[in-house]
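Trainee:
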Amino acid sequence: MLPLDLTKEFPATANAVYMDVANQGLISRTTWASIEPHLDNRLHGRNDEESMLEHVERTRTRFAQFINSDQSEIAITKNASEGINIIANAFDWRPGDNVVLCPKLEHANNILPWLQVKDRHNVELRVVEPDNGSIPPDAVVKAIDSRTRIVALATVTMVPGFRTVLEPISEACRHYGAFLLADATQSVGILHTDVAQLGIDGLAVSTVKGLMGLYGSGFLYCRQEWADRLNPAYLARFSVDLGNAPESAPVPSSVKLRRGAPRFDVGHYNFPGMLAAYASMGQLLEIGTAAIERSVTSLTKRLASGFLELGLPVCGGPPGRHTGSIVALGDTSALVGGRPVDDRIHSLHEHFTNNQVIVSARRGMLRFSLHLYNTDDEVDRVIDLAKIWLKQQK
197 MLPLDLTKEF PATANAVYMD VANQGLISRT TWASIEPHLD NRLHGRNDEE SMLEHVERTR
257 TRFAQFINSD QSEIAITKNA SEGINIIANA FDWRPGDNVV LCPKLEHANN ILPWLQVKDR
317 HNVELRVVEP DNGSIPPDAV VKAIDSRTRI VALATVTMVP GFRTVLEPIS EACRHYGAFL
377 LADATQSVGI LHTDVAQLGI DGLAVSTVKG LMGLYGSGFL YCRQEWADRL NPAYLARFSV
437 DLGNAPESAP VPSSVKLRRG APRFDVGHYN FPGMLAAYAS MGQLLEIGTA AIERSVTSLT
497 KRLASGFLEL GLPVCGGPPG RHTGSIVALG DTSALVGGRP VDDRIHSLHE HFTNNQVIVS
557 ARRGMLRFSL HLYNTDDEVD RVIDLAKIWL KQQK
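Take the sequence shown: its letter number 57 is residue 253 in the numbering used here, and every next letter is one higher.
#1: At the 7 Å Cβ level, is LEU495 part of the contact set with chain C, yes or no?
#2: What first and last residue would you give for the beta strand (DSSP E) that runs through MET561?
#3: Could you check which residue in GLY439, MET408, LYS452 and GLY412 has the C-alpha nearest to that of PRO428?
#4: Between ASN285 and the rest of its own chain, which residues show a CB-CB distance below 6 Å, the 5 nearest in sequence each way excluded?
#5: Mind checking who ASP201 pairs with in its DSSP beta bridge?
#6: Take PRO356 and list the residues in its own chain whose beta-carbon comes closer than 8 Å to its own, dropping the five residues that flank it on each side.
#7: Specify the secondary structure class of THR389 as computed by DSSP and reduced to three states.
#8: List the residues that DSSP assigns as beta-bridge partners of LEU591.
#9: From PHE358 to LEU566, what distance separates their C-alpha atoms?
#10: Can you tell me which residues form a DSSP beta bridge with LEU407?
#11: Kindly indicate the opening and closing residues of the beta strand (DSSP E) around ARG345.
#12: Note the first and the last residue of the continuous beta strand (DSSP E) segment covering VAL164.
#13: Going by DSSP, what residues sit across from THR273 in a beta bridge?
#14: Indicate, with yes or no, if the ligand MN has a heavy atom lying under 6 Å from the CB of LEU239.
#15: Looking at ALA276 and VAL401, is the spacing between their C-beta atoms short of 7 Å?
#16: Where DSSP assigns a beta bridge to PHE375, which residues make up the other side?
#17: At the level of alpha carbons, what is the spacing between TYR214 and ILE263?
#18: At what residues does the alpha helix (DSSP H) containing LEU504 begin and finish?
#19: From this set, CYS418, ILE579 and VAL436, which residue's C-alpha is nearest GLY507's C-alpha?
#20: Does DSSP classify ARG316 as helix, strand or coil?
#21: Does DSSP put LYS452 in a helix, a strand or coil?
#22: Considering only DSSP beta bridges, list what VAL462 is partnered with.
#23: By the DSSP assignment, the beta strand (DSSP E) with ARG558 in it spans what residues?
#24: Considering VAL523, what are the terminal residues of the beta strand (DSSP E) in which it resides?
#25: Just grab the DSSP bridge partners of SER330 for me.
#26: Is ARG455 closer than 7 Å to SER435 when the C-beta atoms are compared?
#27: Roughly how many angstroms separate the alpha carbons of ASP296 and GLU482, rounded to a whole number?
#28: Let's see if you can read the secondary structure: which residues bound the alpha helix (DSSP H) around VAL578?
#29: When you compare only the Cα positions, how much space is there between LEU254 and GLY478?
#30: Just grab the DSSP bridge partners of TYR592 for me.
#31: Is HIS240 buried or exposed, if buried means 16 or more other CB atoms sit within 10 Å of its CB?
#32: Hey, ILE396 and PHE375: beta-carbon distance below 7 Å or not?
#33: For THR156, which of ARG290, GLN220 and GLY520 has the nearest alpha-carbon?
#34: With 16 as the cutoff for other CB atoms within 10 Å, does THR403 come out buried or exposed?
#35: Taking the alpha carbon of TRP422 as the reference point, which residue from GLY516, ASN440 and GLU269 has its own alpha carbon closest?
#36: Please report how far the alpha carbon of CYS369 lies from the alpha carbon of ILE340, in whole angstroms.
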């Protein structure tokens, strides 16, 4: 049992079974309350910009702590999509370079930047095909060579939600000098994340899902050795090092980029988003990300096993190494366009919705995505509701 009063902190759990964090996470009362003082200052015309800028740096430090990196390796972004685009546009691309990715398992925003790079710079996209719903590490490694500049993938796929085995891919990237960029929006905050252990070079994250924060807020991790040799596509006041000069100070004729990932900071910051992220991460760190992962994966394994006992089509079959915080029902061939969507998936989705179970239908699959506020009782209720639905189908 996690040390948190779930119903008090997450009032939505009193009215429904919420298993849709892969769409957007719930925020806690503590997070909600953290934003109010700043909004009150804005309401009454009190300028708190200086203190808020200090708070942004505290949040940057907490982002770094959360994934075991240094604060100089963290850029503040709007979302994971911006983080991916920052890296895509910071490289000095040459014709014949290549990017390796598995588009059929990626969110559109981890595909579109690479299509743009391909068209602008005559870069080759090396497409890896899924293996029964997973990103196959052996196939990714085989696609990497001396002209590979970036390997782009998700730590946990949007659907069906399998973990990606990163170690062999990381080793191949280091061997060839390629940049390993991971979209970690579906994992950070739910699954324990250590960038040094994973061996990745870049990590793009939005705070709205596992970090239980707000839309329009996120961060980009970029390993120091890489950040210091990449050039931002955009520059703004917070991208450059002007020493202790105020924001309004005149800009000299030549400027020095900030050291590390903060050189990718553009424009002013989303103060409510930073306040919310700081508060929610504080709660997550108090519990411990390893403890959260143990709790959530125990629940997903219980859910997957219960569905399998009912004869429902659980993607990936019995729980295993691929199991994270997501369980998907459906046919993986529908995921890659091999078969039409099963009408029963729509019917089951409607059944759950009518019984206050909030889940998402994505790419022909029914996706159950869990977080720290889910419980054994909720999992058992979902399985019981599935059993009732099956009886109604006879």
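All C-beta atoms in this analysis are idealised placements derived from N, C-alpha and C, irrespective of residue type, glycine included.
Mentor: Taking the definition as stated:
#1: Absence of chain C from the displayed structure is noted, only one protein chain being present.
#2: 561-565 is the span of the beta strand (DSSP E), which, as asked, contains MET561.
#3: LYS452
#4: ALA429
#5: None, per the DSSP bridge assignment.
#6: Non-local beta-carbon contacts of PRO356 in its own chain, meaning distances under 8 Å to residues more than five positions away in sequence, involve GLY329, CYS511, GLY512, ILE522, ALA524, GLY526, THR528, LEU531, MET561 and ARG563 in chain order.
#7: coil
#8: With the chain running from 197 to 590 in the structure shown, residue 591 is simply not present.
#9: 13 Å
#10: None, per the DSSP bridge assignment.
#11: 344-350
#12: Coverage of the chain is limited to positions 197 through 590, which leaves residue 164 absent and any answer about it impossible.
#13: GLY414
#14: Absent from the structure shown: the ligand MN. Ligands present: none.
#15: yes
#16: ILE346
#17: 26 Å
#18: 485-505
#19: ILE579
#20: helix
#21: strand
#22: None, per the DSSP bridge assignment.
#23: 556-558
#24: 522-525
#25: ASP327
#26: no
#27: Checking the sequence shown, residue 296 turns out to be Val, not Asp. Near 37 Å, if we compare the C-alpha coordinates of GLU482 and VAL296.
#28: 572-588
#29: Note that residue 254 corresponds to Arg in the displayed sequence, not to Leu. Looking at the two C-alpha atoms, the distance is approximately 11 Å.
#30: The question about residue 592 has no answer, for the chain in this structure spans 197 to 590.
#31: exposed
#32: no
#33: Residue 156 lies beyond the residue range present for the chain, which begins at 197 and ends at 590; the question has no answer from this structure.
#34: It is buried - the Cβ of THR403 has at least 16 other Cβ atoms within 10 Å.
#35: GLU269
#36: 7 Å
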